[in-house]
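The structure under discussion appears below in the form of structure tokens.
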Amino acid sequence: DVKVTQSSRYLVKRTGEKVFLECVQDMDHENMFWYRQDPGLGLRLIYFSYDVKMKEKGDIPEGYSVSREKKERFSLILESASTNQTSMYLCASSLLGGTYGYTFGSGTRLTVV
Amino acid sequence: AQKITQTQPGMFVQEKEAVTLDCTYDTSDQSYGLFWYKQPSSGEMIFLIYQGSYDEQNATEGRYSLNFQKARKSANLVISASQLGDSAMYFCAMRAPQGGSEKLVFGKGTKLTVNP
């Protein structure tokens, strides 16, 4: 069964901490994505990557960075966590032009206190 | 820019009845794809159905069908014979080109509650 695995289901961090959210996929997909989900706002794209070491900003990249050193792994980095980054973070991967959409991880619920 | 609009924050339906969840989209691209996802309370995103912009027939997957009206730019999801397990958030999404690749743009979602 194909999978996208996010390293943590729940995470609590302090304001100002550097936070790493890890995502690994085993499907050899080119594309990987980080979304943020908030009630009433749906899913908003933070960053995505279409190849190793390549990254593109999504709709809300401020306060975040990403790293993709290997095809299967895509990391989201909060350089200095703030309370307004408390949210559900969803990682996804896909083949370019696929008709089955994206495969999502189970999500990381991050709370910044 | 591409945009997805879901105008129903919440919907209620009786078990075994059909329900339609609305989705309209905005794009200037000629080639695009439309998706529906289900998100139960557990949080995982489950792919339900896909419609390509050049597909002449409406997509169907079991109890799910997509009512695609290209001229009206609508892609409504129809769930027939609702079940209690259908209670969830439902998201409409569109694949949009971005640089040398592509991304999915999501609507804000509709929360469906199926009553016994």
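The listed protein sequences correspond, in order, to chains A and B. Under the numbering used here, the residue at position 44 of the first sequence is numbered 65, and the numbers go up by one with no gaps. Under the numbering used here, the residue at position 26 of the second sequence is numbered 40, and the numbers go up by one with no gaps. We treat Cβ as the ideally placed atom computed from N, Cα and C, and that holds for glycine.
Which term fits residue i, buried or exposed, when burial requires 16 or more other beta carbons within 10 angstroms of its beta carbon?
i             : result
residue 37/A  : exposed
residue 53/B  : buried
residue 44/B  : exposed
residue 65/B  : buried
residue 61/A  : exposed
residue 109/B : buried
residue 133/A : buried
residue 53/A  : buried
residue 73/A  : exposed
residue 117/A : exposed
residue 113/A : buried
residue 63/A  : buried
residue 73/B  : buried
residue 90/B  : buried
Return the first residue and the last residue of the beta strand (DSSP E) that residue i is part of.
i             : result
residue 47/B  : 47-53
residue 26/A  : 25-27
residue 111/B : 102-112
residue 16/B  : Note, residue 16/B: premise wrong, no beta strand (DSSP E); not H, not E.
residue 125/B : 124-129
residue 76/B  : No beta strand (DSSP E) contains residue 76/B, which DSSP labels as neither H nor E.
residue 32/A  : 31-34
Applying a beta-carbon distance threshold of less than 8 Å, which residues of chain B neighbour residue i?
i             : result
residue 69/A  : 112, 115, 117
residue 117/A : 115, 116
Starting from residue i, find everything on chain A with Cβ-Cβ shorter than 7 Å and list it in chain order.
i            : result
residue 58/B : 125, 127
residue 49/B : 122
For residue i, go through chain B and note every residue whose CB falls closer than 9 Å to its CB, in chain order.
i             : result
residue 54/A  : 117, 118
residue 109/A : 57
Tell me, which residues are paired with residue i by DSSP?
i             : result
residue 40/B  : 17/B
residue 58/B  : Note: residue 58/B sits in no beta bridge, so no partner.
residue 116/B : 111/B
residue 91/B  : 35/B, 80/B
residue 28/B  : 129/B
residue 64/B  : 49/B
Give the residues of chain A in contact with residue i, contact being defined as C-beta atoms less than 9 Å apart.
i             : result
residue 61/B  : 121, 122, 123, 124, 125
residue 105/B : 63, 64
Starting from the beta carbon of residue i, find every residue of chain A whose beta carbon is closer than 8 Å, and list them in chain order.
i             : result
residue 121/B : 63
Could you name the residues of chain B that residue i contacts, counting a contact when the two beta carbons are closer than 7 Å?
i            : result
residue 37/A : Under the 7 Å cutoff, chain B gives no residues; its nearest Cβ is about 27 Å from residue 37/A.
Along the chain, which unbroken stretches of the beta strand (DSSP E) at least 3 residues long are found entirely within the region 85-133 of chain A? For the region 85-133 of chain A, the full-length beta strand (DSSP E) segments reaching 3 residues or more read 85-91, 94-99, 108-115, 129-133 along the chain.
3-residue-minimum beta strand (DSSP E) runs that sit fully inside the region 36-85 of chain A, ordered along the chain: 40-46, 52-59, 63-70
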